[in-house]
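>
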Amino acid sequence: MSPRPIHLLIAALGGEGGGVLTGWVIAAAARHGLPAQSTSIPGVAQRTGATTYYVEILPVPAAELGGRRPVFALHPGIGDVDLLLASELLEAGRAVGAGFVTPDRTFVIASTHRFFVMEEKMAMGDGRLDDAHLVHAIERQAKQSRLFDMERLAAQSGSMVNAVMLGAIAGSGVLPIPPELFEAAIRQDGKAVEANLRGFGAGLAAVRRRVPARPAADEQDRAASATDAVLAKAAAELPDAAREIVLEGIRRLIKYQDVSYAQLYLRRLANIREADARTGAGGKLLREAARHLALRMSFEDVIRVAQAKLDPGRFARIAKAMHVGPGEPFAIVEFLKPGIDELASVLPPRLAGAMLWLSRRFPRLGRLHWGMAVRSTSITGYLQFRLLRALKRWRPRTHRFRAEQQAIEAWLARIAAAAEISADLAIEVAECARLIKGYGDTHKRGSANYFAIDTRIIRPALAGRIPAARAIDAVASARTAALADAEGENLARCLAEIEAGTPAAPG
Amino acid sequence: MERSFSREVDSLKLGAGEIFRGEGIVAVTKALLQSGVSYVGGYQGAPVSHLLDVLVQAEDVLEDLGVHLETCTNEAAAAAMLGASINYPLRGAVTWKSIVGTNVAADALSNLASPGVIGGAMIIIGEDYGEGASVIQERSYAFAMKSGIWLLDPRPDLPTIVACVEQGFELSEATHAPVMLELRIRACHVTGEFEAKDNRRAVYSGLNRIAGPPPFRYGRLAHPPVTFAQERCKVEERLPAAQTFIRERRLNEFLDGDLSDIGIVVLGGLAHNVLRALERLGLADIFGASRVPIHVLNVAYPLVPDEVRGFCLGKRAVLVVEEGYPDYIEQAIQVELRRAAIQTSVYGKGCLPKAGEYTSAVLLDGLAGFFSAARPSGLDVDAIAERAGALQAQKESAAAALGELPARPPTFCTGCPERPVFSAIKLMEREIGKTHISADIGCHSFATFAPFSLGNSILGYGMSLASAAAVGPNLERRPIAIMGDGGFWHNGVITGVAGHLFNAGDGVLIIMQNGYTSATGQQAMPSSASSRTGSPPGMNIEKTLRSLGVKWLRKVRTYGVADMLATLKEAMRTAERGLKVIIADGECQLARQRRLRTEEAGKLARGARLVRARYGVDDEICTGDHSCIRLSGCPSLTVKPNPDPLRTDPVATVIESCVGCGLCGEVAHAAVLCPSFYRVEIIRNPNFFDRLLFAWRNRVIGWLGGRIAEAGG
């Protein structure tokens with residue numbers, strides 16, 4: 001019976017130091033006298049793209065082979081991989097999907113950290129993959145697995161992720177090489193030795209300690225702003241499912257405007273609450289409507305931006321995140337580019353109306369923007385934001401405020417009307433508010449999409465021209481289509497398809 | 001250059017009996033020095049870049065041996081360089097990436113192979129085939145066959161590779177033909193060891209120059225009428241000589257096995273994976289002893305008819321394992337057996353796929369298929385088929401469990417100066433509509449991936465402008481050609497710019513001037529700020545364009561998205577006809593960061609003042625639309641869960657790897673996105689005035705009810 005090499009497949013991203021990592025493994029094997037071979041596929045594909053490294057090690061010292069040399073392969077084989085090491089969760093999943101992880105053999109050590117691919121990042125809503133699905137598939141296919149956040153361990157150790165991965169290899173016990181020899185390989189390299197040894201130690205400990213797959217989520221910092229006791233009492237009477245959201249909405253709106261604005265929020269919710277109870281939605285309709293209503297009522301105008309930029313504690317938060325050392329001066333430069341729309345939004349309706357008419361009449365004016373880079377940590381910069389923030393009291397008299405309140409009332413009326421038909425339809429209509437977000441062109445595009453869905457699906461549905469079940473589905477698919485591409489091609493196609501099956505409006 | 005090869009350079013100095021440890025392509029480099037080469041050259045590209053990179057950093061080794069190193073401007077130049085071996089007893093080697101480099105070199109290769117050589121001439125070609133490949137898949141074999149160049153395809157272990165290099169030179173000299181040594185990407189980067197020999201000084205080199213040219217001999221020219229004689233010589237003299245040499249020197253290997261009624265003929269480069277597949281089927285051991293007889297072709301071309309016939313004689317069936325299509329070797333073997341009236345069945349494509357990389361799983365499946373078809377005596381074929389089937393099923397069930405996963409193609413690095421150009425093109429398209437984009441080879445071809453998805457064709461390195469020549473006159477809008485400075489000097493200046501001017505075209509050309517051939521590892525090129533010797537090469541793209549007669553020329557700093565956008569719009573809209581060139585200027589960020597890291601570490605250690613910038617996003621202001629990501633695509637600009645309990649869409653965030661290039665701020669401005677971006681400027685080792693100003697701001701803002709920092713500086 002000839003000995004069998006141990007097969008190690010490393011799945012990583014270009015630029016994470018996989019080449020150095022395999023170098024360490026080969027050096028450690030050499031120190032132990034074991035024949036070993038590594039190979040990789042560097043090149044342009046390495047520039048942050050997915051890549052793999054492959055190592056084979058014969059667990060018998062070369063000295064005992066009587067001059068025979070093992071024949072090592074250049075590609076990993078399905079059913080043949082003993083240890084899969086992945087620096088990122090999706091890459092672990094990719095190796096599993098390619099068949100390299102088999103229940104009879106493969107020990108999987110993977111980071112739970114995600115480095116999102118472009119497809120996930122560029123989605124207009126939430127395009128992220130489901131981590132739980134990946135974790136489940138990995139754990140189900142593996143003989144044994146250890147999943148932990150290598151990125152975090154690397155950051156804590158001040159090392160690159162490759163050192164943590166080396167520690168994980170050493171700790172797995174799959175290779176018959178004692179940890180000291182891996183450490184010696186790091187030392188021999190002579191680069192960032194201390195940090196790499198710390199990273200190595202962290203990876204080693206994490207594998208041996210059976211770190212739980214899912215680290216507990218960080219507790220959200222929900223430092224509440226003053227919540228009026230009366231309002232809290234009103235909220236206490238709300239159904240469980242919606243209570244937290246409504247409370248958050250109240251806090252948000254007091255901070256955004258004032259107590260009476262939060263009272264308006266509660267009054268607006270009263271109807272929804274009634275509809276929720278009547279349709280037996282179990283608080284779900286109320287929760288979703290409350291969530292979107294709070295967001296819609298705290299719409300993003302320049303005053304809110306100023307409020308956020310001057311938020312107490314923001315400078316300190318940024319300084320901490322950017323690792324500003326004690327006593328190190330720092331400055332923060334904010335990028336703003338207000339245009340006619342932003343200017344009009346803080347003017348009284350009539351003046352704003354005139355200005356917007358002019359900007360439509362003269363498109364060049366409409367495209368006018370003032371690019372500003374304001375240093376909010378300087379005295380003049382700070383004062384500029386202070387001035388903007390001070391417009392808060394003036395806000396209810398602005399054009400934007402009036403326009404938003406009208407739009408909100410119209411949306412609430414749609415929800416109420418939809419609730420007459422079915423709770424699910426009402427929830428779908430409420431959800432459409434998700435499309436209206438952002439600033440400038442993003443806001444315009446979102447609003448236009450919302451109105452297209454409102455005009456072409458919601459209104460015909462409320463008028464009874466689309467059966468309820470189909471309408472629920474239609475609103476949901478149109479919303480998804482609207483978030484599929486910024487050019488609106490998916491939405492246009494989706495609406496056309498839906499309309500093709502809808503009787504025309506009378507007259 | 002992207003990395004330091006000091007350790008590899010040391011390994012080039014090893015003497016007889018010492019053990020070389022390292023990767024395949026560096027072992028080739030060492031083997032060249034052991035073979036006594038007088039000159040080395042080539043054009044960089046994966047997977048052979050390291051060969052040249054190591055030599056560039058091994059100036060002292062080369063000097064000591066008198067080896068001339070030429071970092072050629074393209075593969076045609078490298079191939080032409082081998083012309084030195086036509087007239088002189090000089091050994092020389094050049095390298096490039098194949099198939100693309102071989103295509104570029106083809107003219108010189110034909111004219112080299114026809115007269116033949118008296119000094120050993122070797123071409124090291126790196127096959128960028130399979131996973132991670134960046135070029136189209138075609139076989140270099142075709143070039144070897146048509147030109148009469150011998151093609152070595154050694155087993156992927158270092159002693160065999162090194163022996164093939166050394167014997168390759170002898171083969172070349174014995175047969176007066178150039179030789180190609182082919183290495184697949186994994187073989188270039190495979191690690192291993194071999195016993196080194198002393199480096200050899202060539203008889204003639206820079207240290208001992210040849211007195212003068214040889215007496216005039218028309219026969220050394222690739223020019224009629226001698227080309228007819230050379231044609232005959234190639235097939236009637238050199239080919240048989242090569243076959244004799246290969247047979248006598250036993251360059252090819254025969255592995256015996258007890259299943260003697262079948263056999264496998266495999267190219268050297270694929271032999272280890274085949275042996276592994278046999279081992280997994282229980283038909284070989286880990287030391288390469290196989291139950292199935294194997295003929296390993298370390299020389300892929302020419303085939304030695306006697307060897308093939310001898311191997312096949314008495315066998316019912318053989319399997320030919322060669323990657324890619326056409327199946328040249330399978331066909332040749334069929335012909336040889338037919339000629340000798342040997343009735344062995346030949347399997348090849350059919351058991352094995354015509355297209356795609358021969359990975360472990362593909363080979364296992366192919367071998368099982370061959371055994372099932374050939375049914376050798378003494379083998380439980382069904383058990384083998386079952387085993388292969390089980391592995392296939394395992395793969396399918398795993399793939400089904402995961403569903404389709406999104407790809408992760410390579411992309412522009414964080415802070416890359418080329419990315420902003422594509423942000424600007426996207427913004428331009430919003431205003432004036434889409435136009436034809438002629439893409440090129442280089443990092444900028446990453447723009448063909450999301451989020452940019454820009455580029456309608458790629459015709460080769462430096463070919464973008466030429467490939468738009470017939471697009472412009474047939475399209476409503478001016479096409480835009482993208483070219484890197486690497487592609488410009490590789491051939492774009494002639495095939496593209498000169499051709500466009502000569503034919504009075506009306507297109508737009510963007511030249512990415514980042515100062516290196518970045519995609520291949522940041523090698524120097526004619527317009528780099530410094531060369532391998534340290535002094536600037538002194539060639540300048542702008543001056544070159546002016547001297548060619550380009551009138552409309554703008555140089556724009558790439559990070560200025562608004563400027564770039566305005567310049568692009570002007571180039572697209574101007575009534576002025578003719579070539580409009582925009583030089584997008586910005587140093588490769590990888591190279592820049594490598595330099596800055598050292599500089600900054602020095603400054604910090606010295607206590608010198610240093611301002612560092614990084615960008616950030618306000619969670620509270622970001623609404624999770626990700627327009628910024630769709631316009632930038634920076635790896636450091638990503639998403640994270642929304643900390644706001646009322647929102648579900650993830651917010652944008654800038655991670656630690658940010659180098660502060662400023663693109664996100666620029667894009668937010670140019671596209672009027674949102675006010676969430678901010679830049680933080682941190683002053684390390686602040687001076688007195690920095691501290692004073694900071695303390696003063698802190699105090700005043702404190703009076704105004706705000707707070708910057710805990711303590712006032």
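Residue numbers (the numbering used here), protein chains in the order written: chain A, 1 to 507; chain B, 1 to 713.
Just so you know, even glycine gets a beta-carbon here, dropped at the ideal spot from N, CA and C.
The model shown is predicted, which means the values in this text are computed figures rather than measured ones.
1) Assign P460 of chain A to buried or exposed, taking buried as 16 or more other Cβ atoms, counted over all protein chains shown, within 10 Å of its Cβ.
2) In this structure, how does DSSP classify L693 of chain B when only helix, strand and coil are distinguished?
3) Using a Cβ-Cβ cutoff of 7 Å, what residues of the segment 393-405 of chain B are near chain A? List them in chain order.
4) So V20 of chain A is in the alpha helix (DSSP H); what residue range does that whole segment cover?
5) Measure from the C-beta of H113 of chain A to each C-beta in chain B and report whether the shortest distance is under 9 Å.
6) Going by the beta-carbon positions, is the gap between S423 of chain B and L590 of chain B smaller than 9 Å?
7) So, is the C-beta of P42 of chain A closer than 9 Å to a C-beta in chain B?
8) Tell me whether T39 of chain A sits in a helix, a strand or coil according to DSSP, three-state version.
9) Determine whether the beta carbon atoms of Y141 of chain B and Y358 of chain B lie at a separation below 9 Å.
10) Counting only runs of 4+ residues fully inside the segment 157-183 of chain B, write out the alpha helix (DSSP H) ranges in chain order.
11) Suppose you measure from the CA of M512 of chain B to the CA of I621 of chain B; what does that come to, to the nearest Å?
12) Given a threshold of 16 other Cβ atoms within 10 Å of its Cβ, counted over all protein chains shown, does G462 of chain B qualify as buried or as exposed?
13) How many angstroms separate the CA atom of V493 of chain B from the CA atom of R201 of chain B?
14) Determine the burial state of K714 of chain B: buried for a count of at least 16 other Cβ atoms within 10 Å of its Cβ, exposed for fewer.
15) May I have the straight-line CA-CA distance separating A317 of chain B from G366 of chain B, to the nearest angstrom?
16) Since F107 of chain A sits in a beta bridge, which residues does DSSP pair it with?
17) Could you check which residue in A:A92, A:D104, A:V101 has the C-alpha nearest to that of R114 of chain A?
18) Buried or exposed for V235 of chain B, going by 16 or more other Cβ atoms inside 10 Å?
19) Contact criterion: CB-CB distance below 9 Å. Does L134 of chain A meet it with respect to chain B?
20) Only counting the same chain, and skipping five residues up and downstream in sequence, which positions put a Cβ closer than 7 Å to that of T638 of chain B?
21) For Y450 of chain A, which residues of its own chain have a beta-carbon under 7 Å away from its beta-carbon, when the five flanking residues on both sides are left out?
22) Below 8 Å between beta carbons is the criterion; list the residues of the segment 659-682 of chain B that meet it against any residue of chain A, in chain order.
23) Near M180 of chain B, what residues of its chain come up, given a Cβ to Cβ distance below 6 Å and the 5 sequence neighbours on each side ignored?
24) On the three-pair Cβ rule with 8 Å, is the segment 38-48 of chain B touching the segment 185-193 of chain B?
25) How would you call A223 of chain A, buried or exposed, if buried means at least 16 neighbouring beta carbons within 10 angstroms?
26) Run through the DSSP bridge pairs and tell me what A11 of chain A is partnered with.
27) Got a sec: is the Cβ-Cβ distance from D240 of chain A to anything in chain B below 9 Å?
28) Please report the residue range of the beta strand (DSSP E) in which R21 of chain B lies.
29) For the segment 436-466 of chain A, which residues have a CB atom closer than 8 Å to at least one CB atom of chain B, in sequence order?
30) Mapping the DSSP letters down to three states, classify E288 of chain A as helix, strand or coil.
31) Do you know how far the Cα of M160 of chain A is from the Cα of G442 of chain B?
32) Could you check which residue in B:T574, B:T73, B:Q523 has the C-alpha nearest to that of G507 of chain B?
33) Beta-carbon separation of K426 of chain B and I78 of chain A under 9 Å?
34) Pick out the complete beta strand (DSSP E) segments inside the segment 261-285 of chain B, 3 residues or longer, and give them in chain order.
35) Check E576 of chain B in the structure and name its three-state DSSP category.
36) Report yes if the CB atom of A142 of chain A is closer than 9 Å to the CB atom of V108 of chain A, and no otherwise.
According to the structure data:
1) Position 460 of the first sequence, counting from 1, holds the residue named residue 460 of chain A. Counting other Cβ atoms within 10 Å of its Cβ, P460 of chain A reaches 16 or more and is therefore classed as buried.
2) Here residue 693 of chain B refers to the residue found at position 693 when the second sequence is read from its first residue. It is helical.
3) Answer in chain order: Q394, K395, A398, A399, A401, L402, L405.
4) One-based indexing of the first sequence puts residue 20 of chain A at position 20. Bounds of the alpha helix (DSSP H) holding V20 of chain A are 18-31.
5) On the first sequence, residue 113 of chain A is found 113 positions in, with the first residue counted as 1. It does not: the Cβ of H113 of chain A has no partner Cβ on chain B nearer than 9 Å.
6) Residue mapping note: residue 423 of chain B aligns to position 423 of the second sequence, counting from 1. Residue mapping note: residue 590 of chain B aligns to position 590 of the second sequence, counting from 1. In this structure, S423 of chain B lies away from L590 of chain B, with their beta-carbon atoms at least 9 Å apart.
7) As a working mapping, residue 42 of chain A is identified with position 42 in the first sequence. Cβ-Cβ to chain B under 9 Å: yes for P42 of chain A.
8) Locating residue 39 of chain A in the first sequence gives position 39, counting from the first residue. Looking at T39 of chain A - three-state DSSP - the assignment turns out to be strand.
9) On the second sequence, position 141 is the one that residue 141 of chain B refers to. On the second sequence, position 358 is the one that residue 358 of chain B refers to. No, the pair does not count as a contact, with Cβ atoms beyond the cut-off.
10) You should have 158-175.
11) In the second sequence, counting from the first residue as 1, residue 512 of chain B sits at position 512. In the second sequence, counting from the first residue as 1, residue 621 of chain B sits at position 621. For M512 of chain B and I621 of chain B, the distance between alpha carbons rounds to 35 Å.
12) Position 462 of the second sequence, counted from the first residue, corresponds to residue 462 of chain B. It is buried - the Cβ of G462 of chain B has at least 16 other Cβ atoms within 10 Å.
13) The residue given as residue 493 of chain B occupies position 493 in the second sequence. The residue given as residue 201 of chain B occupies position 201 in the second sequence. One alpha carbon belongs to V493 of chain B, the other to R201 of chain B, and they sit about 38 Å apart.
14) Shown here, chain B extends from 1 to 713; a query on residue 714 of chain B therefore has no answer.
15) Numbered from its first residue, the second sequence carries residue 317 of chain B at position 317. Numbered from its first residue, the second sequence carries residue 366 of chain B at position 366. So the alpha carbons of these two residues sit roughly 14 Å apart.
16) Numbered from 1 along the first sequence, position 107 holds the residue referred to as residue 107 of chain A. Bridge partners of F107 of chain A: A:L83, A:Q144.
17) Walking along the first sequence from the start, residue 114 of chain A turns up at place 114. Shortest Cα-Cα distance from R114 of chain A to any of A:A92, A:D104, A:V101 involves A:A92.
18) Position 235 of the second sequence, counted from the start, is the residue given in the question as residue 235 of chain B. So V235 of chain B counts as exposed.
19) In the first sequence, counting from the first residue as 1, residue 134 of chain A sits at position 134. Using a Cβ-Cβ cut-off of 9 Å, L134 of chain A counts as an interface residue toward chain B, since at least one Cβ of chain B sits closer than that to its own.
20) Within the second sequence, residue 638 of chain B is the residue found at index 638, counting from 1. If you ignore the 5 residues before and after T638 of chain B, its C-beta comes within less than 7 Å of the C-beta of T653, I655, all in its own chain and listed in chain order.
21) To locate residue 450 of chain A, count along the first sequence from 1; it is residue 450. Excluding residues within five positions, the ones whose Cβ falls inside 7 Å are C432, L435, I436.
22) Against chain A - using a Cβ distance shorter than 8 Å - the residues of the segment 659-682 of chain B are G665, A668, H669, A671, V672, L673, C674, P675, F677, Y678, R679, V680, E681, I682.
23) Mapped onto the second sequence, residue 180 of chain B falls at position 180. These residues qualify, in order along the chain: I123, I125, A144, I149, L151.
24) Yes, they touch.
25) Working through the first sequence from its first residue, we reach residue 223 of chain A at position 223. Model confidence at A223 of chain A stands at a pLDDT of 38, short of 50, so the residue's coordinates are unreliable and nothing is read from them.
26) If you number the first sequence from 1, residue 11 of chain A lands on position 11. Under DSSP, A11 of chain A shares a beta bridge with A:T52, A:A86.
27) Here residue 240 of chain A refers to the residue found at position 240 of the first sequence. Look at D240 of chain A: its C-beta is not under 9 Å from any C-beta on chain B.
28) The sequence position of residue 21 of chain B within the second sequence is 21, counting from 1. Taken as a continuous stretch (DSSP letters only), the beta strand (DSSP E) holding R21 of chain B covers 19-23.
29) Cβ proximity to chain B below 8 Å picks out K437, G438, Y439, G440, D441, T442, G446 from the segment 436-466 of chain A.
30) Position 288 of the first sequence, counting from 1, holds the residue named residue 288 of chain A. The answer is helix: DSSP assigns E288 of chain A an H, G or I state.
31) In the second sequence, counting from the first residue as 1, residue 442 of chain B sits at position 442. In the first sequence, counting from the first residue as 1, residue 160 of chain A sits at position 160. Taking the straight line joining both Cα atoms gives about 28 Å.
32) To locate residue 507 of chain B, count along the second sequence from 1; it is residue 507. For G507 of chain B, the closest alpha carbon among the candidates B:T574, B:T73, B:Q523 is that of B:T574.
33) In the second sequence, counting from the first residue as 1, residue 426 of chain B sits at position 426. In the first sequence, counting from the first residue as 1, residue 78 of chain A sits at position 78. Taking a C-beta distance under 9 Å as the contact criterion, K426 of chain B and I78 of chain A do not qualify as a contact pair.
34) Within the segment 261-285 of chain B, the complete beta strand (DSSP E) runs of at least 3 residues are 262-267.
35) By 1-based counting over the second sequence, the position of residue 576 of chain B is 576. Three-state result, E576 of chain B: coil.
36) Here residue 142 of chain A refers to the residue found at position 142 of the first sequence. Here residue 108 of chain A refers to the residue found at position 108 of the first sequence. Between A142 of chain A and V108 of chain A, the C-beta spacing is below 9 Å.
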